[in-house]
Each structure stands twice: as structure tokens, then as C-alpha cells.
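Residue numbers (the numbering used here), protein chains in the order written: chain A, 741 to 925; chain B, 126 to 273. The beta-carbon is built from N, C-alpha and C at its ideal position, and this holds for glycine as well. Here's the structure we're looking at; comments come further down.
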Amino acid sequence: MNELLEELVPRRDELGDWNDVLRRARPLPRPRLVFAVAIAVAALVVAPALGVLLTRDGAPRLPREADRSKVVVIVQPLSGRIVVQAAPWKGHDGICYLLLGIRAGCAPRGTVVLTPPLVGFTFDPRVVSGTAVTFAGKRVPLVVRHFEKLGVTFFLTRGRLPRLLREATLLGSNGTVVARLRVKR
Amino acid sequence: MLEDLEALYRLRLPEFRRVATAIAGDRELGCDAVQDAFARAVRKRRSFRGRGTLEAWVWRIVVNAARDARRRRPALAEPRDAATNGHAPVLPLDLLTERQREIVFLHYYADLDYAAIAEALEISPGTVGATLNAARKTLRRAFEEVQT
Numbered sequence: 741m742n743e744l745l746e747e748l749v750p751r752r753d754e755l756g757d758w759n760d761v762l763r764r765a766r767p768l769p770r771p772r773l774v775f776a777v778a779i780a781v782a783a784l785v786v787a788p789a790l791g792v793l794l795t796r797d798g799a800p801r802l803p804r805e806a807d808r809s810k811v812v813v814i815v816q817p818l819s820g821r822i823v824v825q826a827a828p829w830k831g832h833d834g835i836c837y838l839l840l841g842i843r844a845g846c847a848p849r850g851t852v853v854l855t856p857p858l859v860g861f862t863f864d865p866r867v868v869s870g871t872a873v874t875f876a877g878k879r880v881p882l883v884v885r886h887f888e889k890l891g892v893t894f895f896l897t898r899g900r901l902p903r904l905l906r907e908a909t910l911l912g913s914n915g916t917v918v919a920r921l922r923v924k925r
Numbered sequence: 126m127l128e129d130l131e132a133l134y135r136l137r138l139p140e141f142r143r144v145a146t147a148i149a150g151d152r153e154l155g156c157d158a159v160q161d162a163f164a165r166a167v168r169k170r171r172s173f174r175g176r177g178t179l180e181a182w183v184w185r186i187v188v189n190a191a192r193d194a195r196r197r198r199p200a201l202a203e204p205r206d207a208a209t210n211g212h213a214p215v216l217p218l219d220l221l222t223e224r225q226r227e228i229v230f231l232h233y234y235a236d237l238d239y240a241a242i243a244e245a246l247e248i249s250p251g252t253v254g255a256t257l258n259a260a261r262k263t264l265r266r267a268f269e270e271v272q273t
């Protein structure tokens, strides 16, 4: 049996490579960085949502002051999820809104909103397109939806989940910059 | 501690590689598993409590790494092809359980005694002896059957 075992895996006297062992033992910086960024993003996105869920009775809804006979919505095409609801603000010149099911409120005309930094809106009628810079530093195009009857334009990123925006640039029909919004830190 | 690991690596590398190769079923996978296992030992060296010997602790890591390497490549050919000419005797390792094989490899290739094998596999020395005897008996019987 010993002979057969010898034959199965013959002994080889090799020096090996200790430096390779030390190299493999070193932690890889990139996964850590990615992990840290993922945690930070998760904290930014999940914490406000959780906070809202834990501190309110039920999920936020379109405010009572909204004229519910004239609600408009933006639906995420892939998931069918309603990402924006908006309606005229009864008794005021402005709108009431529910963003991503986590942030609701009413705003007077003239306001430009980018909060939470996932979706925003403007009353400026010149805005037809836009670009944004995410927190990861990537420049992405914005989806812009104008609602004539409400006189408001919403903007958010494409994709299943809106991305966190650090900065948004809203453009007019001839490409001129109408507004530049930055998330306050 | 790091120096001890390096000394162990340099002193016993052929044995580590033989055992890992036998368990993984492939020389390249076995050698890679040894490198990974020592890297892991370097990273986790502060978790070594000194309850057993450092060598047994490292053997445990090497055996685990070799098992993982084998699992990652399930469609392995047998370490040695079956008797191609119909006469060459081949060790019928298929007849042994995974634990029996590991104990055989640690005993023959690394020349570890029962206590060291027991420490490396986290079992009792009595189990090592009984398992090794059972493995020997199985292999002996298989040879007799082949020869008759």
C-alpha cells in the first residue's frame, strides 16, 4: 500500500513561494472600499425610509390638502411601482406630492425641490431635460416629466431604483442651463 | 508567530502539498490550496490560542482548503487513472470514506501520529486509530479480491 501511495502523489522537494503566501494574506483594498460605499449608500437610503416607517402611523400618503380628483403619477416601467404622485394644493398655488412612498408634502409655486436626493421637481416651464451627478461621481441623464395641468416638472434617474443624486443640472430646449441644484451637506 | 509559520512552511511544504494534492485530487489545486491555507493562517494567526500545536492548527486549515478546492471542482478525474493495461495495481480509494482517505493521507504522506491527526481533524486519537485500521482492512481486502 505504501508503494501505491507513493505512486499516487509522488514526493517533490520544492521551495515554495512564501512571498506569494504573504501577498495572498494581504487584504484586498477594493472590496473593502466597495463594501464601505455600499454601507454608506444603504445607510443613506434605508435610514430615512426606516425612520419614516418607524415614526409614523403607516406609510406616508399624499397630504389631505391635495386635490385628489387631479392626481398625476409617474410609474417605474419595469417594476410598475408608483414613484411620484402629485396633485394641486387645495387653496394654494402649488402642488402636494408623495415621492417614492417615503416623502410627502406640499410646496408653493416657485420652489425647486431635490429632496430626498433621489427625485426632484421644478415649476420652471423651460426645463425639458437634465443630467445629474450621483454620489458615486457618475454623470447620468435624468428622466424629465412635465405635467401641464399642474405646471410642474419632475425629474429622476432611470432604472429600477432612483439613484442618489449629488447634483442635478436642468436644461432648457436649446440646451441652456436653467437651474443647477446641489444637495446640501 | 509569523516566523514560526514561515519556518513550518519551509520545513514541511512537500508534505503539505502531497496531502492537499491527494485530498483535492489534483496537484495544481492542491498546491494552490496550500498557498491559500497559509495565507489564511497568516491572517488569522492571532486567533491561534495555543491550545494545540501550531502545526496541527495549520494542518486543519490546509485540510479544509483542500476539501474546498475539491468541492469547487466536482467533475474531477480520479487522481490516478485506472489500470490502463489491465494489470497495474491501483489504490481503490473509492472504497474509503472521505475521513478514511484524509487520515490515510495524513498518516502516510505527512507522517503524523494519531495524536497529531486527531488534533488536525478535531477528532479523538482513538477514532483515528480505528478509522485507519478500517481503511487498511478495506484496502487489503480489495487487493485480495483483485489478486484472486
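CB contact check: residue i to chain A, cutoff 9 Å
{"i": "B:R205", "result": "A caution first: B:R205 carries a pLDDT of 45, below 50, which makes its placement in the model too unreliable to give a value."}
{"i": "B:R152", "result": "yes"}
{"i": "B:A147", "result": "yes"}
{"i": "B:R198", "result": "no"}
{"i": "B:L218", "result": "yes"}
{"i": "B:R185", "result": "no"}
{"i": "B:L179", "result": "no"}
{"i": "B:V188", "result": "no"}
{"i": "B:R192", "result": "no"}
Reference residue i, options the options, closest by Cα
{"i": "A:S819", "options": "A:V852, A:L911, A:R898, A:A919", "result": "A:R898"}
{"i": "A:L840", "options": "A:V813, A:G870, A:R849", "result": "A:V813"}
{"i": "A:F894", "options": "A:G915, A:I835, A:G877", "result": "A:I835"}
{"i": "A:R849", "options": "A:K830, A:I842, A:L748", "result": "A:K830"}
{"i": "B:L221", "options": "B:R168, B:L138, B:L257", "result": "B:L257"}
{"i": "A:V859", "options": "A:G756, A:R866, A:T871", "result": "A:T871"}
{"i": "A:R922", "options": "A:P881, A:V873, A:R885", "result": "A:V873"}
{"i": "A:P800", "options": "A:V823, A:L755, A:V852", "result": "A:V823"}
{"i": "B:V159", "options": "B:G150, B:T146, B:R170, B:R171", "result": "B:T146"}
{"i": "B:L218", "options": "B:I248, B:L138, B:F141, B:A267", "result": "B:A267"}
{"i": "B:Q225", "options": "B:A241, B:R135, B:G254", "result": "B:G254"}
{"i": "A:T851", "options": "A:G845, A:F861, A:G877, A:A844", "result": "A:F861"}
{"i": "A:F875", "options": "A:G891, A:L910, A:E888, A:L905", "result": "A:L905"}
{"i": "A:V811", "options": "A:E805, A:P803, A:Q825", "result": "A:Q825"}
{"i": "B:R174", "options": "B:M126, B:A194, B:R143", "result": "B:M126"}
{"i": "A:L910", "options": "A:K889, A:R866, A:L890, A:A806", "result": "A:R866"}
{"i": "A:P828", "options": "A:F887, A:P881, A:D864, A:E754", "result": "A:F887"}
{"i": "A:S869", "options": "A:H832, A:L896, A:R766, A:D833", "result": "A:L896"}
{"i": "B:G353", "options": "B:A191, B:G251, B:A260, B:A241", "result": "Limits of chain B in this structure are 126 at one end and 273 at the other, which puts residue 353 of chain B out of reach."}
{"i": "A:R843", "options": "A:L802, A:A806, A:E754, A:R808", "result": "A:L802"}
{"i": "A:V917", "options": "A:L890, A:D864, A:G891, A:G877", "result": "A:D864"}
{"i": "B:K262", "options": "B:A245, B:A243, B:V229", "result": "B:V229"}
{"i": "B:I148", "options": "B:R135, B:S172, B:I248, B:N189", "result": "B:N189"}
Closer than 9 Å to chain B by CB, residue i
{"i": "A:E907", "result": "no"}
{"i": "A:M741", "result": "yes"}
{"i": "A:T916", "result": "no"}
{"i": "A:L911", "result": "no"}
{"i": "A:V811", "result": "no"}
{"i": "A:L882", "result": "no"}
{"i": "A:L896", "result": "no"}
{"i": "A:L748", "result": "yes"}
My parser needs the alpha helix (DSSP H) runs of 4 or more residues fully inside the segment 844–916 of chain A; what are they? none
The segment 158–173 of chain B contacting the segment 757–766 of chain A, beta-carbon criterion three pairs below 8 Å: yes
Using a Cβ cut-off of 7 Å, which residues of the segment 157–173 of chain B contact any Cβ in chain A, in chain order? Q160, D161, F163, A164, V167, R168
Under 8 Å (Cβ pairs) to chain A, residues found in the segment 234–249 of chain B: Y234
Identify each residue in the segment 751–769 of chain A for which the Cβ-Cβ distance to at least one residue of chain B is less than 9 Å, and report them in chain order. So the close ones are R751, R752, D753, E754, L755, G756, D757, W758, D760, V761, L762, R763, R764, A765, R766, P767.
Are the segment 227–242 of chain B and the segment 173–187 of chain B touching, with three or more C-beta to C-beta distances below 8 Å? yes
At least 3 beta-carbon pairs within less than 8 Å: the segment 126–135 of chain B vs the segment 166–176 of chain B: Here the segment 126–135 of chain B makes contact with the segment 166–176 of chain B; the two share three or more CB pairs at distances below 8 Å.
Please go through the segment 126–191 of chain B and give each complete beta strand (DSSP E) segment of 3 or more residues, from N-terminal end onward. none
Near-chain A residues of the segment 129–143 of chain B - C-beta to any C-beta below 8 Å: E131, Y134, R135, L138, P139, R142, R143
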